[in-house]
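S.K.: Numbering (the numbering used here), first residue to last: 955 to 1314.
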Amino acid sequence: MRLIVLIALLLVSPSALGETTVETQFPALDAQTERLVVFGSTDLVAMAPVIEHYQKENPGTAVEYFEVLSADLYDLVRNDKPLNGRRPDMVISAAMDMQFKLVNDGFAQRHESPQTANLPQWANWRNEAFGFTFEPIVIVYNPKILAAEDVPATRFDLIRLLREKADTYRSKVGSYDITKSGVGYLFATQDALQAHTYGRLLESFGRNDIYLANTTGEVLDAVEKGELLIGHNVLGSYTRLRITQGADLAMVLPADYTLVMSRVAFIHRDAPNEQTARSFLNYLLSLGGQKVLAGKSHLYAIHPQLQGPATAHALRKAATGPLRPIRLGTGLLVTLDKLNRRRFLLDWNRTIGTKGGEQK
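#1: Please classify residue 1083 as buried or exposed, where buried requires at least 16 neighbouring CB atoms within 10 angstroms.
#2: Do you know offhand how far residue 1010's Cα is from residue 1043's?
#3: On the DSSP bridge assignment, give the partners of residue 1079 in chain order.
#4: Spatial neighbours of residue 1079 within its chain, please: CB distance less than 6 Å, with the 5 preceding and 5 following residues excluded, ordered by chain position.
#5: Do residue 1045 and residue 1031 come within 8 Å of each other at the CB atom, strictly closer than that value?
#6: Look at residue 1013 and residue 982 and say whether their C-beta atoms are less than 8 Å apart.
#7: Pull up the CB-CB distance for residue 1168 and residue 1134, whole angstroms please, since I reckon it's below 8 Å.
#8: Could you pull the start and end residues of the beta strand (DSSP E) that residue 1054 belongs to?
#9: Assuming residue 974 contacts residue 1037 (C-beta within less than 8 Å), just tell me the rounded distance between them.
#10: Are residue 1020 and residue 1061 close, meaning C-beta to C-beta below 8 Å?
#11: Mapping DSSP to helix, strand and coil, what is residue 1303?
#12: Helix, strand or coil for residue 1068 per DSSP?
#13: Can you grab the Cα-Cα spacing for the pair residue 1294 / residue 1155, in whole Å?
#14: Where does residue 1219 fall in DSSP's three states?
#15: Could you have a look at residue 1242 and say whether DSSP puts it in helix, strand or coil?
#16: With distance defined between alpha-carbon atoms, name the residue in 1228, 1005, 1034, 1306 nearest to residue 1245.
#17: When the Cα atoms are used, what is the spatial distance from residue 1148 to residue 1026?
#18: Is the Cβ-Cβ distance between residue 1216 and residue 1087 less than 8 Å?
#19: Shortest alpha-carbon distance to residue 1040 belongs to which of 1251, 978, 1076?
#20: State the Cα-Cα distance for the pair residue 1209 and residue 1262, rounded to the nearest angstrom.
#21: How long is the line joining the alpha carbons of residue 1222 and residue 1057, rounded to whole angstroms?
#22: Can you name the start and end residues of the beta strand (DSSP E) that residue 1181 belongs to?
#23: Which residue from 1069, 1298, 1276 puts its Cα closest to that of residue 1142?
#24: Among 1047, 1066, 1059, which residue has its Cα nearest to the Cα of residue 1229?
#25: Use the C-beta contact count for residue 1303: other C-beta atoms within 10 angstroms, 16 or more gives buried, fewer gives exposed.
#26: Do residue 1111 and residue 1289 have their beta-carbon atoms positioned less than 8 Å apart in this structure?
#27: Can you check DSSP and say which residues form a bridge with residue 1129?
#28: From residue 1118 to residue 1194, what does the alpha carbon distance come to, in whole angstroms?
#29: Would you mind reading off the limits of the alpha helix (DSSP H) that contains residue 1288?
#30: To the nearest angstrom, how far is it from the Cα of residue 1102 to the Cα of residue 1254?
#31: Secondary structure at residue 994, three-state DSSP: helix, strand or coil?
#32: List the whole-angstrom C-beta distance separating residue 1235 from residue 1219, where the pair is believed to meet the contact cut-off of C-beta under 8 Å.
#33: Distance, Cα to Cα, residue 1301 vs residue 1063?
Next up, the structure:
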C-alpha cells in the first residue's frame, strides 16, 4: 500500500490537478482487463482498504482514485472537468446535499441490485444515489484535559458551559468553517432544521470566538494538543479512528439528538467503465464490503445485518438519545438554493466570522 501511495504522489501534477487533489493508482493484481476511475472526497486512508479488498476479488481491475475536497468535487462534476485526462465512473462524497444536487440534475444513472434493495429507504434515492455509511456527528474532547463535570452531554450543556465559563472556553471550542467546508455547511443547515437550540448555540460561538477549521482532522489535532478543549460537529468515524490509534480523545453522541451522515456514491451518467462501476457499487454495499468499511477503513457501516464496532447496530446501542440520519431527498436542495445559501451564510458570518483556521 505504501509503495502505491508513493508512486501516486509522484504522479500528481499540481498544475493539472490543483493543490487540493491527489491521484492514487492501484494497479491490477493480474493482467489488467478492467479500469475504474473514482472521484471522491473521502480520505485515501479510508478508501484504500476498500479498493484493495475489491481488487482481491477482481484482480484484473486497475483503480484510479482522485481525492478532492467536496466543494471542488462538486464543481468538477458539474462542469465536466477531467483530472489527468480521466473522467469519473463513480463519484463519492460526504457532502450529501451536493451529491444529491448532482444526481437530481441528471449526472447519475440508475442501478438496481440486491445490494441496493437492502439499503434503508432514506439512503437510496430512486436507485441513483446511495448512502453506504452510517456516521455520527459528535462532540470531541481530551479526557486528560477537560474536567469531567464540563463534558457536555447535549447542545444545551454546551451553551450553558460557554455562558457560565466564558473566560475558560473563549477561543477554546472549534468547529467547521462552513463557508469553506461542504460537510460543515451540511451539518450546520441540518442543525438549523433539527433544533431550536441552533440560534442560541451560534450566538454562544460568536461570543466565545470559536476556532474555525476546514476539516475534522484540524479540530482533532487541536483538541488532542490542548489548543482546543472541545470540538463540535466533527465526524465520529475519524474521531474513532484516532481513538483506536491511541489519541487522547473521547467523543460524545449528543443526547438531545445525534446527526448521522452517510457518504453518498453514484455512477456517473457518462461513466467510461459503467459495468465496473456497477460491480464496485455492489461491493461497497455488500456484507463483505461493509465489513471492510467498519474494519480497516474505520467508517461506520450501514448494512442492517452487520454487527460489531463501527456499525449502525453498535451506534444505536451506544446512543443515549435519538439518532437522526440525514435523508437523501429533495429537502437537501433547499439549503443549496443560491438565495437561501447566501442568506444562511450571511447570518452565520454576522454572528461568527469566517477566519478559518484561526481565532475570530
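Note that CB positions come from ideal geometry on N, CA and C, so glycine has one too. Just so it is clear, the structure is predicted and the values come from calculations on it, not from any experiment.
M.R.: On the basis of the coordinates in this document:
#1: Here residue 1083 corresponds to residue number 129 of the sequence shown, with the count starting at 1. The Cβ neighbour count for residue 1083, taken over all protein chains shown within 10 Å, is at least 16; the residue is labelled buried.
#2: As a first step, residue 1010 is located in the sequence shown; it is residue number 56 there, counting from the start. As a first step, residue 1043 is located in the sequence shown; it is residue number 89 there, counting from the start. The alpha-carbon atoms of residue 1010 and residue 1043 are separated by roughly 20 Å.
#3: By 1-based counting over the sequence shown, the position of residue 1079 is 125. DSSP output for residue 1079 lists 1083 as bridge partner(s).
#4: Translated into positions along the sequence shown, residue 1079 becomes position 125. Around residue 1079: 1282.
#5: What you label residue 1031 is simply residue 77 of the sequence shown in a count that begins at 1. What you label residue 1045 is simply residue 91 of the sequence shown in a count that begins at 1. Yes, Cβ-Cβ distance for residue 1031 and residue 1045 is below 8 Å.
#6: Within the sequence shown, the letter at position 59 stands for residue 1013. Within the sequence shown, the letter at position 28 stands for residue 982. A distance below 8 Å separates the beta carbons of residue 1013 and residue 982.
#7: Here the question's residue 1168 lines up with position 214 in the sequence shown. Here the question's residue 1134 lines up with position 180 in the sequence shown. At roughly 5 Å, the Cβ-Cβ gap stays under 8 Å, so residue 1168 and residue 1134 are in contact.
#8: By 1-based counting over the sequence shown, the position of residue 1054 is 100. In the DSSP annotation of this structure, residue 1054 is not part of any beta strand (DSSP E); the continuous alpha helix (DSSP H) holding it starts and ends at 1050-1058.
#9: If you number the sequence shown from 1, residue 974 lands on position 20. If you number the sequence shown from 1, residue 1037 lands on position 83. About 11 Å separates the two Cβ atoms, so there is no contact after all.
#10: Numbered from 1 along the sequence shown, position 66 holds the residue referred to as residue 1020. Numbered from 1 along the sequence shown, position 107 holds the residue referred to as residue 1061. The answer is no: Cβ separation not under 8 Å.
#11: Walking along the sequence shown from the start, residue 1303 turns up at place 349. Here residue 1303 sits in helix by DSSP.
#12: Stepping through the sequence shown from its first residue, residue 1068 is reached at position 114. Helix at residue 1068.
#13: Along the sequence shown, one-based indexing puts residue 1294 at 340. Along the sequence shown, one-based indexing puts residue 1155 at 201. Our two residues, residue 1294 and residue 1155, have alpha carbons roughly 20 Å apart in a direct line.
#14: By one-based count along the sequence shown, residue 1219 stands at place 265. Taken through DSSP and simplified to helix, strand or coil, residue 1219 comes out as strand.
#15: Here residue 1242 corresponds to residue number 288 of the sequence shown, with the count starting at 1. Three-state result, residue 1242: helix.
#16: Taking the first residue of the sequence shown as position 1, residue 1245 is located at position 291. Taking only the C-alpha atoms, the option nearest residue 1245 is 1005.
#17: Here residue 1148 refers to the residue found at position 194 when the sequence shown is read from its first residue. Here residue 1026 refers to the residue found at position 72 when the sequence shown is read from its first residue. Inter-residue distance for residue 1148 and residue 1026 is about 27 Å (C-alpha atoms, whole angstroms).
#18: Position 262 of the sequence shown, counted from the first residue, corresponds to residue 1216. Position 133 of the sequence shown, counted from the first residue, corresponds to residue 1087. With contacts defined by Cβ atoms closer than 8 Å, residue 1216 and residue 1087 form a contacting pair.
#19: The residue you call residue 1040 lines up with position 86 of the sequence shown. Looking at the Cα atoms, 978 is the closest of the given residues.
#20: As a position in the sequence shown, residue 1209 is number 255, starting the count at 1. As a position in the sequence shown, residue 1262 is number 308, starting the count at 1. Rounded to the nearest angstrom, the two C-alpha atoms are 22 Å apart.
#21: In the sequence shown, counting from the first residue as 1, residue 1222 sits at position 268. In the sequence shown, counting from the first residue as 1, residue 1057 sits at position 103. Between residue 1222 and residue 1057, the C-alpha separation is close to 9 Å.
#22: The sequence position of residue 1181 within the sequence shown is 227, counting from 1. Bounds of any beta strand (DSSP E) do not take in residue 1181, whose DSSP letter is neither H nor E.
#23: Counting from one through the sequence shown, the residue named residue 1142 turns up at place 188. For the set 1069, 1298, 1276, the Cα lying nearest the Cα of residue 1142 is the one of 1298.
#24: Start at 1 with the first residue of the sequence shown, and residue 1229 comes out as number 275. Nearest Cα to residue 1229 within the set 1047, 1066, 1059: 1066.
#25: Locating residue 1303 in the sequence shown gives position 349, counting from the first residue. Label assigned to residue 1303: exposed.
#26: Residue mapping note: residue 1289 aligns to position 335 of the sequence shown, counting from 1. Residue mapping note: residue 1111 aligns to position 157 of the sequence shown, counting from 1. Residue 1289 is not a Cβ neighbour of residue 1111, given a cutoff of 8 Å.
#27: Walking along the sequence shown from the start, residue 1129 turns up at place 175. Looking at the DSSP output, residue 1129 sits in a beta bridge with 1166.
#28: By 1-based counting over the sequence shown, the position of residue 1118 is 164. By 1-based counting over the sequence shown, the position of residue 1194 is 240. So the alpha carbons of these two residues sit roughly 30 Å apart.
#29: Position 334 of the sequence shown holds residue 1288. Annotation: the continuous alpha helix (DSSP H) that includes residue 1288 extends over 1285-1288.
#30: Taking the sequence shown and counting its residues from 1, one reaches residue 1102 at position 148. Taking the sequence shown and counting its residues from 1, one reaches residue 1254 at position 300. Their Cα atoms are separated by approximately 27 Å.
#31: On the sequence shown, position 40 is the one that residue 994 refers to. Strand at residue 994.
#32: Numbered from 1 along the sequence shown, position 281 holds the residue referred to as residue 1235. Numbered from 1 along the sequence shown, position 265 holds the residue referred to as residue 1219. Between residue 1219 and residue 1235 the Cβ distance is about 6 Å, and since that is below 8 Å, they are a contact.
#33: As a first step, residue 1301 must be located in the sequence shown, where it is residue number 347. As a first step, residue 1063 must be located in the sequence shown, where it is residue number 109. Those two C-alpha atoms are separated by around 37 Å.
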